[in-house]
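Residue 142 in our numbering is what sits at position 74 of the sequence shown, and the numbering runs on without skipping anything.
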Amino acid sequence: MKGSLKLALLASIACPAGAWAQEAPAGPPADAATQTVATPVGDDSEIIVTARRRAENLQDVPISVTAFSGEALTERNVDSIDQIARFTPNIRFDTAAQLSGASFNPTVFIRGVGSNDFAIFTDPGVGFYIDGVYYARSIGAVTDAVDLESVQVLRGPQGTLFGRNTIGGAVIIETAKPLLDSISGKIEAITGSYDRIDLRGAINLPLIQDRLALRLTAATLNREGYVKRLSDGEDMGNRNSDMVRAQLRWQPVATLTIDLAGDYTRSREHSAPNDIVAIGLQPDLPARYNLAGAPWLARFNQLVAPTLPIVNPAGRKALDGSWITADPYETFAGGPNVNDLDLWGVQATVAYDAAKQLQLKSITAYRDMHATFARDGDNTPYTFRETFNDDKVWQFSQELQANGNIGAGLRFVTGLYYLKEKGRDFGRADLALGIWPPLAVTPPLSPAVFLYNWIDNESYAAYGEIDIDLARRLTLTLGGRYNHDSKKIRIVNVRQRDAISLIGGDLLAPLNTPGLVRFIDSDAQDIPDSESWSSFTPRVIVKADVTDDINVYASYSRGFKSGGFNLRPLTGPEEVSAYDPETLTTWELGAKTRWLDRRLTLNAALWKSRYKDIQLSVNQTPLNFVANATGKLWGFELEAVARPTSWLDLNASVGHVDSHYTEISNPRAPNQALPLTLDDSFVKAPRWTLAAGAQISVPLGRSGSLRLRGDVTDYSRIYNDLSNHPYLTENGYTLVNLRLTWADAGDRYSVALFATNLTDALFIQSGNFSNGFGLAEVSYGRPREWGLSGSVRF
């Protein structure tokens, strides 16, 4: 990491500043559903969050939380939720999970805990909640930041109040809600690099004054891709997404609020960018990394490549290193280039103030997802290592909450939760096509398969948490959640060499063709197809308010992540095995402080975690499975926000994670030994994440005002795969963003000129390698881009 950046960040912390949230009147909001708001630093401002399922001042919450308002996201050039990681300590939020080829399939880690897989039969380790609804799948979790009220990042296990699969933490997203008393809205147009054209708009319409209001939000986001395919001229990494959201708020009486909402997102894009960085034996690497390509690469070049009308850049008929391009934003990929998503849902939230100090709430939701995505893993015109997925999933959830006080010294939240989820993953693994008769008659033959997986998941839980004031400035929090999960699966695999005539046709044909050999079929073979797990996740917190501006806390909490099944077998039914659920136990010490007449806010958290049965996804085809390990982590977060003068805001943050494995489990099935050692580092767990920002506001009288904002983010080394392959490792990088905004005196009209990744840093956001196929591939993040935005409020 650059020494100059470290010094700059340390200087920022010594004199920090910069409010995360937007300006608003002081005091808690009248509507408990309202999320993060704030007033200028230096008065009795509050930042209201719902990290404990009720509205509280951020400085009073004994949890490590970072919160952003919608305006704060705009000022930081955030146009999709993954970009919040640039301003939040100890979180990695990378799009394009390895093997997926889809920009909307993220991998999210908080404090080194998360999931590096996207498949519908694996669970995320960080929970996503949008308007109180849990999103069970990571596919589609890269939400566009359009008309949002707030985003909150909760670090550490949140199993007590938010449930399963929040073992690393939770991201809480709140959209802007209908206002009952006024017509308002905003329209924004953005142009920029790669022929960018974005249009966004929202309108708030009171239908019955103070009783009924409608809010409509829509956006179309369009941008050319930043990687070019030399084989056919198409691009990769483009944007072509449309979304619409409608919300109706009805308040027939002051004590009853009914929110009805529906949303739809449609994306028709090309695949996420991939780039091949190594092909074949790498003599300079240890044996575990050397990409020998045995047996598939050598056999393909010997038997298949010479028969095809494909000549590499060196003039040979071979899949070799000549396909590697000098430009990281160019590739010879020629496989399917698709990244489509249809995501929609409806929900009803009913909040009833049953008494002065008791609110009852019901959240009912149905969501549906259909995603089609492909990846060319060899990045050549050959069909050697390609994947194609067509996934459909629906979920229904119901939550009941009670939130209130008993007297002056006791506060509680309790609830019941139910989730039902069904889905299917149909696809192809096009691996070393052609290594079969008549070109090859002896093993090993192509492991290519048509794959069909079904999931049927059910979860229910009961939870509660209570705050007890032991003394005027001392509070004890006790909480717990009982959770029960059950999963059922079905799997059918057909080898492509047993259905050669069906390759390239209807994806369902191999499933529906009578008499076709199914080398894996859970209905006909002795394969585990159902499991259930129960868990209890407690939390204990002791908080002391030392003064009105200083509080400290100590906490103990536990998180739980469901177990599952290995549904990527390539050799036989014995590979379909179950793996255990994860548990994470965390001890944390924290402090929330304000200084200098509240012009300076300093928050800190020091934590230590014991991580058992870590679900590690191995995707080194033909080795594709999940197995368990055990490890330990510790680290800290420091966040500083200040306003030394009325025209200057500053902020800085430091995150540190130290992680190591302590035990590697024995394989449950043949070829399922984890390819790592106790010396390997955790995936997506950089030791240091640093960020700093500054915003200068210049009043221009009747001509309005100017705001100049700059942000810097720096990451230390990041390992993108379990084995810590050096070709996939990002050795650290720095991102710089700038934004200059003019607004008129009434803040109705605004124009902004901005740049992201100003220094044009080249960085790896995901990667994959396979010794058996002799390939190493990476996905690079977006290069330098500029943009021009114009907006009008009414």
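C-beta atoms are modelled at their ideal positions from N, C-alpha and C, and glycine is treated no differently.
Alpha-carbon to alpha-carbon, residue j and residue i
i      : j      : result
LEU141 : LEU216 : 9 Å
ALA238 : GLY769 : 43 Å
GLU705 : ALA673 : 5 Å
ARG443 : LYS676 : 38 Å
GLY547 : ARG626 : 11 Å
ARG205 : THR333 : 15 Å
LEU843 : LEU387 : 10 Å
LYS611 : ALA622 : 7 Å
PHE633 : SER598 : 9 Å
ALA314 : ALA281 : 11 Å
PRO754 : GLY180 : 8 Å
ARG120 : ARG279 : 28 Å
GLY502 : ALA760 : 53 Å
ASP421 : ALA470 : 10 Å
HIS438 : LEU411 : 6 Å
TRP663 : ALA695 : 48 Å
SER305 : LEU701 : Before going on, a small fix: residue 305 reads as Gly here, not Ser. Distance between the alpha carbons of GLY305 and LEU701: 34 Å.
ALA106 : VAL608 : Any reading at ALA106 must be qualified, since the residue scores a pLDDT of 33, below 50, and its modelled position is unreliable; the value itself is stated next. When rounded, the distance between both Cα atoms is 28 Å.
PRO108 : ASP185 : With a pLDDT of 33 at PRO108, under the threshold of 50, the modelled position of that residue is not reliable, and no figure is offered here.
ALA476 : LYS660 : 23 Å
ILE265 : LEU284 : 21 Å
ASP681 : ASP566 : 38 Å
ASP436 : LYS460 : 8 Å
Where residue i sits in the DSSP three-state scheme
i      : result
PHE230 : helix
LEU684 : strand
GLU292 : coil
VAL372 : helix
ALA89  : Bear in mind that a pLDDT of 42 at ALA89, under 50, signals an unreliable position, so the model cannot answer this.
THR325 : strand
ARG356 : helix
PHE862 : coil
ASN839 : coil
GLU337 : strand
PHE452 : coil
THR142 : helix
TRP364 : helix
GLN103 : Legend: pLDDT at GLN103 = 36, less than 50; position of this residue unreliable, no value from coordinates given.
GLN466 : strand
GLU845 : strand
ALA737 : coil
GLU124 : strand
SER168 : coil
TRP601 : strand
LEU579 : helix
DSSP bridge partner residues for residue i (one or two, in chain order)
i      : result
PRO767 : SER773
VAL585 : Note: VAL585 sits in no beta bridge, so no partner.
GLN274 : It should be noted that the sequence gives Pro, not Gln, for residue 274. Looking at the DSSP assignment, PRO274 forms a beta bridge with ALA281.
HIS724 : PHE704, TRP756
VAL181 : ILE178
GLU242 : SER218
LYS424 : BP columns for LYS424 are empty, so no partner.
GLY330 : ALA314, VAL414
PHE136 : VAL219
Selected residue, minimal CA-CA separation from residue i, among the options
i      : options                        : result
ASP446 : ALA539, GLY640, VAL846         : VAL846
VAL620 : GLU114, VAL129, ARG479, ARG122 : VAL129
THR448 : ALA500, GLU489, ASP147, SER137 : ALA500
THR134 : PRO735, SER299, ILE431, THR669 : THR669
ARG291 : ASP278, GLY200, THR259         : THR259
ILE131 : PHE831, TYR624, THR175         : TYR624
ARG492 : ASN272, ILE188, ASP782         : ILE188
SER527 : THR482, ASP553, LEU542         : ASP553
ARG154 : GLN833, VAL860, LYS424         : GLN833
ALA123 : ASP266, PHE480, GLN226, ILE251 : PHE480
ASP303 : ALA394, ALA401, TRP391, SER749 : ALA401
LEU808 : THR797, LEU821, TRP318, GLY858 : LEU821
ALA823 : ALA476, ASN369, SER261         : SER261
TYR884 : PRO851, PHE230, GLY224         : Because the chain spans 69 through 862 in this model, residue 884 falls outside it and cannot be assessed.
ASN671 : LEU652, ARG636, ASP617, ILE588 : ASP617
GLY873 : GLY200, ARG785, ASN825, PRO794 : This structure leaves residue 873 out entirely; the chain is present only between 69 and 862.
message: Could you tell me which whole beta strand (DSSP E) segments of length 3 or greater appear in the stretch 506-559?
response: 517-539
message: To test your reading of the DSSP string, which unbroken beta strand (DSSP E) runs of 3 or more residues are found completely within the stretch 783-818?
response: 801-811
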